[in-house]
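In the working numbering, the protein residues as written are 80 to 509.
Taking it in order: structure first as structure tokens, then the write-up.
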């Protein structure tokens, strides 16, 4: 398949020039399938980027699972490389080698290498970026590469690499146009990253039958939470238990605890010794931009989370109940048009009484007007704005006024990576 024929940037061009080019060379933003990306990956020699590869899929929890894996393995003294998507503010966030981002020049070098390898094969932005990330990881030769699936699993570009350990963090309804409209179909797609004879770790509390069916069909060794590994949370610590391991007095993490448990189960399957102290330190250090990210703006606390489906919003609701029970919540929301707006808003309706809806101008971005209709909120409970930035500015002002006269206030920004990126940029520039 060939895409639009456009001259590629020079190797001396900027990273932004290359990213603009990547956006223009394929007729579709999303084009599921492994044939093209695998063929180019083989030519580029990037399909075995590290000694050991962990691939992580899931509707929610992928990012935090990847983060736990990285911090624990780094604390244990191993060299790591990580590929995640999407980024919050800068493209360079997508690749980390030994917990460090790489320079623009390194990314440009990788893009040029993939451009040379692909010849006339058309690649999407994500496919091209994935192969470039694998090229960078292959150059670094880490002991462990940790790869986050972009969408689904079975047909995602990341799945061109054979995983030594596959992880399904969770299964929820999302991206139904590509993955199916029920959890069974979606579970089948998520589990498609598993390989014969290799472990498949499932952190979903209520796994679909399709997970086990996929594992059996592939010949993978399924390791299921609640059956093969367990966690027990207490007020100040938690414990982990599996057939061969008992870990006590683990620190309560800043990210979802269930994904810490899933990460430990994955690490157990690696042929690498990891000490209890490394696990404890790794869990304590794990943080992610845009995942329950606390910051302050003009004296008011702001909590940012990329939650864009009901499952993620339900976790955010539990988080607010636990850490902000006395706060009045002023919520800034911007979402994409193909999300379950009503389901997301409903999950947080018990905590939030003041809603500030902002339009997103990005591809598939929803207008505040339509978001108000689709969310099914009472008309007097929300205000509409032409941008997320305007919505945040108004919410911040209202929260500051409440804080000055009434009590504790929190601005919650959520609904999309774009929403978090826009608010983050606004706070940094304040």
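Note that beta-carbon positions come from the ideal geometry of N, C-alpha and C, so glycine has one too.
Predicted model only: the values in this text are computed from it and were never measured.
Annotated three-state conformation of residue 224 is strand, per DSSP. Fully enclosed alpha helix (DSSP H) runs of no fewer than 4 residues occupy 94-101, 114-123 of the stretch 87-139, in order along the chain. Approximately 10 Å separates the beta-carbon atoms of residue 271 and residue 289; this is outside 8 Å, ruling out the contact. By the Cβ rule, the stretch 383-402 does not count as touching the stretch 351-364, because fewer than three pairs are nearer than 8 Å.
DSSP lists no bridge partner for residue 146.
Excluding five sequence positions before and after residue 217, the CB atoms of its chain that fall closer than 6 Å to its own CB belong to 125, 128, given in chain order.
Put simply, the backbone Cα of residue 192 is about 27 Å away from that of residue 231.
Out of 460, 420, 394, 116, the CA that lies nearest to the CA of residue 435 is found in 460. DSSP, read as helix, strand or coil, puts residue 410 in strand. The three-state secondary structure of residue 341, taken from DSSP, is helix.
DSSP places residue 277 in the coil class of the three-state scheme, outside both helix and strand. Taking C-beta atoms as the reference points, residue 411 and residue 486 fail to come closer than 8 Å. Counting only runs that start and end inside the stretch 339-398, the beta strand (DSSP E) elements of at least 3 residues fall at 372-376, 379-384. Annotated three-state conformation of residue 183 is helix, per DSSP. When beta bridges are read from the DSSP output, residue 320 appears opposite 309, 325. By a beta-carbon distance limit of 8 Å, residue 107 contacts residue 203. Their separation comes to about 6 Å. For residue 433, no alpha helix (DSSP H) encloses it; the enclosing beta strand (DSSP E) starts and ends at 431-437. Per the DSSP secondary-structure output, residue 462 pairs in a beta bridge with 435.
Secondary structure at residue 443: coil, using DSSP grouped into helix, strand and coil.
Between residue 500 and residue 167, the C-beta gap is smaller than 8 Å, which places the two residues in contact.
In the DSSP assignment, residue 162 forms a beta bridge with 174, 226. For residue 490, DSSP records a beta bridge to 381, 409. Contact between residue 437 and residue 447 holds: CB atoms are separated by about 6 Å, below the 8 Å threshold.
Residue 302 is bridged by DSSP to 280. Under the DSSP definition of a beta bridge, residue 457 lacks any partner. For residue 500, there is no enclosing beta strand (DSSP E); the residue is part of the alpha helix (DSSP H) that begins and ends at 496-508. Going by DSSP, residue 470 is part of the alpha helix (DSSP H) stretching over 467-484. Per DSSP, residue 245 is one residue of the beta strand (DSSP E) stretching across 244-247. By the 16-neighbour rule on beta-carbons within 10 angstroms, residue 131 is buried.
With a cutoff of 8 Å on beta-carbon distance, residue 136 and residue 300 are scored as not near each other.
Residue 164 has its alpha-carbon roughly 15 Å from the corresponding atom of residue 186. If you draw a straight line from the Cα of residue 489 to the Cα of residue 331, it comes to about 22 Å.
Cβ-Cβ distances below 7 Å link residue 443 to 415, 416, 417 in the same chain, with the five nearest sequence neighbours on each side left out; the list follows chain order. Distance from the Cα of residue 360 is smallest, within the candidate group 369, 339, 368, for 339. Within a 10 Å sphere around the beta-carbon of residue 243 sit 16 or more other beta-carbons, which makes this residue buried. Here the stretch 357-376 makes no contact with the stretch 100-117; the two share fewer than three CB pairs at distances below 8 Å.
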